[in-house]
Every structure is written in structure tokens, then in C-alpha cells.
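Chains as they are written, first to last, in the working numbering: chain A, 15 to 132; chain B, 233 to 344. Have a look at the structure below before the remarks.
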């Protein structure tokens, strides 16, 4: 069964350091999402890609966060410099969007990257 | 920002009982989805209901949608210990750039 792959699963970094997360969506999925989830809360959308284009990054702290999906397949989310408040789970998800002429927005999630900034 | 808001925040019931959780949202939607998250893991899609649907079933799950009240409910019948998880509603507003907006979730505990 196809899955969304994320790496690393866990990351500990010191504040002010750079950190990067990688996501490989399910093959053929046009939409890719990055979410941040703080313990005990729901996922918060950081950025949404449609193929290689950013369609929504309104909640992305652009002074320190960047995201790219250069060939419209896998994606990288970077934080530089990391701050203590960035400690959270970073989730990647993808969706097919259209199936047989019908809108299909069911999202498939990876296992996430647990980031701890010390 | 989070559009959906689940109620209650936490729910503890005995195995075999039914569990009901609610979701309210603020703006018009194309569809509403429910997801489950086991501790420390990714989210798993449970069910999707479109704005022109009022009720949908999948196994032990029943979802209702009232667009006039901007609310949805998820009913899990005959609960099992394995149903212990956090449950989130997510709204999709359409237009391509709205993504899936999640609520804060309901943490469900099934007591054996």
C-alpha cells in the first residue's frame, strides 16, 4: 500500500541551528501539505503545494521557514534558525485531488517528524 | 488558524458504549472530513462527507452534517479499546487554495 514517507522521524537540534525535513508523497498526488502540530492541538497548515507551485503559505513564518517542491514530487521544509518554540510534530500529507472527474480531497499523512529544539 | 472546533475536548467511555463527538465550523465548505490520530503518529482518514450530503456511514462510523448550523457529528458505535485515539474534523472550503483546516480534536479514551 502506498504511503507518504517522511524523514527523519525524530530530530533534536540546538536553537539557532538549521534543520530540514523531507517528504515524499504518494505517487501521482498533486497536492502536498506541510502541517505543524503542537502537543495536544490540531494540525496547523504551514504550506500547500499544487504540483510545484505554492498555493497557500499564509501561515508560514517566512522569516525563518522555507519550503520547496522543485519537480512537483518530493518536498523539503527548512527552518533557519530554529527557535525553542518550533518544537512540535511536522506532518506532511498529500492528496490526489481528482478521481474520475470527482474532487477527492482525502489526505494521506506521513508518520511525521518530531522536532525538539534545545 | 483553525476553523473547526470539536466538542468535547476529552471523552471517556466504557468499551461497548457509543461515542459521539461534535464539530462546529465557521465558513462555508465543500466537504468535511474526520481523521483519527493514535498517540505520536500520523493522521488516518476515516470518512468524508460532502456539503450536499446529510449523513454517511462507514462500518461502525456514522457522520452527520448540518450546513445550516455549520456542524457535524461523528458517532462510533460499539466502541473498542482500539478506538482510543484523538479525533479531528477537517474542513475543505474548495477553490484549491484552502487546504484542509483542522480543529483541536477530541481525545477519546475507551475503558476496557
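Glycine residues also receive a C-beta, built at the ideal position from the N, C-alpha and C atoms. Just so it is clear, the structure is predicted and the values come from calculations on it, not from any experiment.
task: With a 10 Å radius around its C-beta and 16 neighbouring C-beta atoms as the bar for buried, classify residue 83/A as buried or exposed.
output: On the first chain, residue 83/A is found 69 positions in, with the first residue counted as 1. The residue is buried, with at least 16 neighbouring Cβ atoms inside 10 Å.
message: So the candidates are 65/A, 79/A, 72/A and 103/A; which of them puts its Cα closest to the Cα of residue 88/A?
response: Working through the first chain from its first residue, we reach residue 88/A at position 74. Ranking 65/A, 79/A, 72/A and 103/A by CA distance to the CA of residue 88/A puts 65/A first.
- request: Check residue 264/B in the structure and name its three-state DSSP category.
  value: As a first step, residue 264/B is located in the second chain; it is residue number 32 there, counting from the start. Look at residue 264/B here: in three-state DSSP terms it is strand.
Anticipated Cβ contact below 8 Å, residue 18/A with residue 124/A, distance rounded: Numbered from its first residue, the first chain carries residue 18/A at position 4. Numbered from its first residue, the first chain carries residue 124/A at position 110. Yes, they are in contact, since the Cβ atoms of residue 18/A and residue 124/A sit about 4 Å apart, within 8 Å.
query: Relative to chain A, which residues along the stretch 260–273 of chain B have a C-beta separation below 9 Å, given in chain order?
result: Residues 262, 263, 265, 267, 269, 272 and 273.
- request: Mind listing the chain B neighbours of residue 130/A? Cutoff is C-beta to C-beta under 7 Å, in chain order.
  value: The count along the first chain starts at 1 and reaches residue 130/A at position 116. Simply none; closest approach about 13 Å.
- prompt: DSSP state of residue 313/B, grouped into three classes?
  reply: Stepping through the second chain from its first residue, residue 313/B is reached at position 81. DSSP places residue 313/B within a helical segment (H, G or I) once states are collapsed to three.
task: Could you give the DSSP three-state label for residue 239/B: helix, strand or coil?
output: As a working mapping, residue 239/B is identified with position 7 in the second chain. In the structure shown, residue 239/B sits in a strand (DSSP, three-state: E or B).
message: Quick check on this structure: which residue in 292/B, 299/B and 289/B has the alpha carbon closest to the alpha carbon of residue 389/B?
response: Here chain B covers residues 233 to 344 and nothing more, so residue 389/B does not appear.
task: Could you work out which residues of chain B lie near residue 66/A, taking near to mean beta carbons separated by less than 9 Å?
output: Numbered from its first residue, the first chain carries residue 66/A at position 52. Under the 9 Å cutoff, chain B gives no residues; its nearest Cβ is about 15 Å from residue 66/A.
- request: Report, in whole angstroms, the separation of the C-beta atoms of residue 305/B and residue 296/B, which I expect to be a contact under 8 Å.
  value: Looking up residue 305/B in the second chain gives position 73. Looking up residue 296/B in the second chain gives position 64. Between residue 296/B and residue 305/B the Cβ distance is about 5 Å, and since that is below 8 Å, they are a contact.
- request: With distances taken Cα to Cα, identify the nearest neighbour of residue 333/B among 323/B, 340/B, 341/B and 285/B.
  value: Counting from 1 along the second chain, the entry for residue 333/B is found at position 101. When each option's Cα is compared against that of residue 333/B, the closest is 323/B.
query: Looking only at its own chain, which residues have a Cβ that is under 6 Å from the Cβ of residue 74/A, when we skip the five neighbours before and after it?
result: Position 60 of the first chain, counting from 1, holds the residue named residue 74/A. Excluding sequence positions up to five before and after residue 74/A, its CB lies within less than 6 Å of the CB of 60 and 61, all in the same chain and listed in chain order.
query: In chain B, what lies closer than 8 Å to residue 120/A by C-beta?
result: Position 106 of the first chain, counted from the first residue, corresponds to residue 120/A. What residue 120/A touches in chain B: 265, 277 and 280.
- prompt: Would the stretch 243–253 of chain B and the stretch 35–42 of chain A be scored as touching if the rule is three or more Cβ pairs under 8 Å?
  reply: The stretch 243–253 of chain B makes no contact with the stretch 35–42 of chain A, as fewer than three CB pairs between them are under 8 Å.
field: Cα-Cα separation, residue 233/B to residue 338/B
entry: Within the second chain, numbered from 1, the residue matching residue 233/B stands at position 1. Within the second chain, numbered from 1, the residue matching residue 338/B stands at position 106. No answer about residue 233/B holds up, because its pLDDT of 49 lies below 50 and its placement is not dependable.
task: Please name the residue in 23/A, 31/A, 92/A and 131/A whose C-alpha comes closest to that of residue 274/B.
output: By 1-based counting over the second chain, the position of residue 274/B is 42. Cα-wise, what sits closest to residue 274/B is 23/A.
- prompt: Nearest-angstrom Cα distance between residue 119/A and residue 48/A?
  reply: Within the first chain, numbered from 1, the residue matching residue 119/A stands at position 105. Within the first chain, numbered from 1, the residue matching residue 48/A stands at position 34. Near 15 Å, if we compare the C-alpha coordinates of residue 48/A and residue 119/A.
- request: Report yes if the CB atom of residue 111/A is closer than 8 Å to the CB atom of residue 331/B, and no otherwise.
  value: Locating residue 111/A in the first chain gives position 97, where the first residue counts as 1. Locating residue 331/B in the second chain gives position 99, where the first residue counts as 1. In this structure, residue 331/B does not lie closer than 8 Å to residue 111/A by Cβ.
message: With DSSP as the reference, identify every bridge partner of residue 26/A, one or two as the case may be.
response: Start at 1 with the first residue of the first chain, and residue 26/A comes out as number 12. Note: residue 26/A sits in a beta bridge opposite 130/A.
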